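These notes concern the structure reproduced below.
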């Protein structure tokens, strides 16, 4: 794979005067000065010399003076040039030594090619990297001794010709190379054309970096990814099987238990109705405990069935009018609230939320039912349903002034069959909040417990329902969940 790394492609280099032009300017200037000297000095001598003999003598002295001046000037110029050349030679030698040291100590190999792409330079690092000595490769092309992997020869040839045709100043090529011992290397070649004054290619200089370790790392990462994917696939299959087994177990237990529980309840009610007045007081108390326990077991079975139905229910995720759902639940709980003098306050600015309407109604119903069930005996029950928007999420708060939930128990209470340590006298299966959390997870939301605002007693359940990501479709054909029974904490 080749790409250009030079931003100066096609730039015209700064024009520098040629040596011939500089010499012509200097010679022309000297010629003009010499002619003026001869003409003006001869005229001056004619004015000063009274006789031809005096003129000849003065002219001899003038010529000697001219030669002396020219000799001094030539000495100064030559000394300056020799000094400058010696300094340039010393600087060039020092630069060459530094370049040699950099090339020898560089982790990059230096390979030079002539205009015909024959190897003309081969650094010690190139010998170390590829295994061939400079004597073995100088004058040959890369395909003469198998420097380039056979499968990459066409790629390299096309990249070189493309770079030459497009006049790329610098370009990078990544390909496979072979060592003298046959080992495969993955290398990156950083190439630059060297051109003469006419723009013809005279050389190509390449710096070569061995990136085989990167390929080894990538290969190892790919291997690890494949192993991880296989492991995740196995775990997913195991989890799916475990869920299927758990679901089958739940349904089996629920149905197998329901018949004997209903038989116990039915016969207990018959016994109470027919012979209750004839039973001793202690027997009546035992019968009451039996009926209460069987009813508790029946509610527990209902909760297990409901929890199992959550996984099977298909959902219709859409914008839901939360206020309308809350108003419907307010009417449903109105008789119970009226008996206790309680109220439900529903905020007029409840935001809509992206959810399954049936499941969200079930969640709010469970929370309101719990608020009434776990009310404080010395306070009139008050329930507040408020909401807001935070970023791309709708927030719904259901607050009550009941018994409250201590902070240490606020996470544990969402577990299966978990109940408040202070709720021993309140009926419940311990599945209600588990159903609430799992329902929120099904519709992509979360639920947490906070303290009500302003230091009020009770607790607040916070439902967070994010908006769907762009491109996520809705799932239609919702399977309606039963909402005719509420399960306690």
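Residue numbers (the numbering used here): 3 to 491.
We put the CB at the ideal spot given by N, CA and C, even for glycine.
All figures in this text were calculated on a predicted structure; none of them were measured in a lab.
C-alpha gap between residue 22 and residue 115, whole angstroms: 31 Å
Three CB pairs or more closer than 8 Å across the stretch 208-217 and the stretch 184-197: Short answer: they touch.
Secondary structure of residue 144, DSSP reduced to three states: helix
Straight-line gap, residue 348 to residue 378 (C-alpha atoms, nearest Å): 21 Å
Beta-ladder partner(s) of residue 402, from DSSP: 385 and 461
Top-ranked residue by Cα proximity to residue 129, from 119, 145, 106 and 146: 106
Burial state of residue 74 (16 or more Cβ within 10 Å): exposed
CA-to-CA distance, residue 274 to residue 267, given in whole angstroms: 10 Å
Closer than 7 Å to chain B by CB, residue 375: Judged by its chain identifiers, the structure shown contains no chain B, having just a single protein chain.
Spatial neighbours of residue 120 in its chain, beta-carbon cut-off 7 Å, leaving aside the 5 residues before and after: The beta carbon of residue 120 is closer than 7 Å to those of 141, 142 and 143 in its chain, skipping five residues each way along the sequence.
Residue 435 versus residue 242: straight-line alpha-carbon distance, rounded: So the alpha carbons of these two residues sit roughly 24 Å apart.
Closest by C-alpha distance to residue 186, when choosing among 151, 325 and 82: 151
Whole-angstrom distance between residue 168 and residue 148, CA atom to CA atom: Approximately 27 Å, taken between the alpha carbons.
Secondary structure, alpha helix (DSSP H): runs of 4+ residues fully inside the stretch 115-196: Those alpha helix (DSSP H) runs which fall completely within the stretch 115-196 and span 4+ residues are 126-132, 136-139 and 155-167.
Cα-Cα separation, residue 15 to residue 103: Note that residue 15 scores a pLDDT of 44, beneath 50, so its modelled location is shaky; the value from the coordinates is reported in the next line. Approximately 29 Å between the Cα atoms of the pair.
Helix, strand or coil at residue 347 according to DSSP, with G and I counted as helix: strand
Boundaries (first-last residue) of the alpha helix (DSSP H) holding residue 360: 359-375
Check whether residue 445 and residue 352 have beta carbons under 7 Å apart: No; because the gap between Cβ atoms is not below 7 Å, this pair is not in contact.
Distance between residue 455 and residue 448 (C-alpha atoms, nearest Å): 20 Å
Distance CB(residue 468)-CB(residue 394) smaller than 7 Å: With respect to the 7 Å criterion, residue 468 and residue 394 are classified as neighbours on the basis of their beta carbons.
Coarse secondary structure for residue 204, derived from DSSP in three states: Here residue 204 sits in strand by DSSP.
Whole-angstrom C-beta distance between residue 181 and residue 133, which should lie under 8 Å: 5 Å
Residue from 36, 452, 54 and 49 with nearest C-alpha to residue 1: What is shown of the chain runs 3 to 491, which leaves residue 1 out entirely.
Coil, strand or helix - residue 451 by DSSP: strand
Cβ neighbour criterion (16 or more within 10 Å) applied to residue 383: Around the C-beta of residue 383, 16 or more other C-beta atoms lie within 10 Å, and the residue is accordingly described as buried.
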